[in-house]
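Note sheet for the following structure.
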Amino acid sequence: MAARESLADIKKRAGRVARGLAKLYPKARISLDFETPWQCLAATILSAQSTDAGVNRVTPQLFKEYPVRARWLRRIRGASKN
Numbered sequence: 582m583a584a585r586e587s588l589a590d591i592k593k594r595a596g597r598v599a600r601g602l603a604k605l606y607p608k609a610r611i612s613l614d615f616e617t618p619w620q621c622l623a624a625t626i627l628s629a630q631s632t633d634a635g636v637n638r639v640t641p642q643l644f645k646e647y648p649v650r651a652r653w654l655r656r657i658r659g660a661s662k663n
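Residues 582 to 663 (my numbering) make up the sequence shown, in order.
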């Protein structure tokens with residue numbers, strides 16, 4: 582059985598991968614519209630079920646109606662119970 586990679590080694594490898602990707606794709610940009618890391622996460626989750634264009638059409642209203650994570654999560658949890 583191979584030895585487990587240490588956290589420090591994982592971080593070093595992740596850094597090398599990130600630098601390599603940045604060199605290969607210097608102008609890469611996510612196509613989802615967002616202003617905060619939380620909005621990016623929410624839009625990414627939604628994009629698994631729709632196109633990025635579709636997500637970009639609905640997220641401005643979603644983020645306006647539910648600007649605070651806790652309220653948004655309560656809404657999602659309530660919808661999932663129905």
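Every residue gets a Cβ at the ideal spot worked out from N, C-alpha and C, and that includes glycine.
Query: Beta carbon of Val-636 nearer than 7 Å to that of Ala-624; Result: yes
Query: Where Pro-648 falls: helix, strand or coil (DSSP); Result: coil
Query: Spatial neighbours of Phe-644 in its chain, beta-carbon cut-off 7 Å, leaving aside the 5 residues before and after; Result: Gln-620
Query: Rounded separation between Val-639 and Ser-628 - CA only; Result: 11 Å
Query: Coarse secondary structure for Ala-599, derived from DSSP in three states; Result: helix
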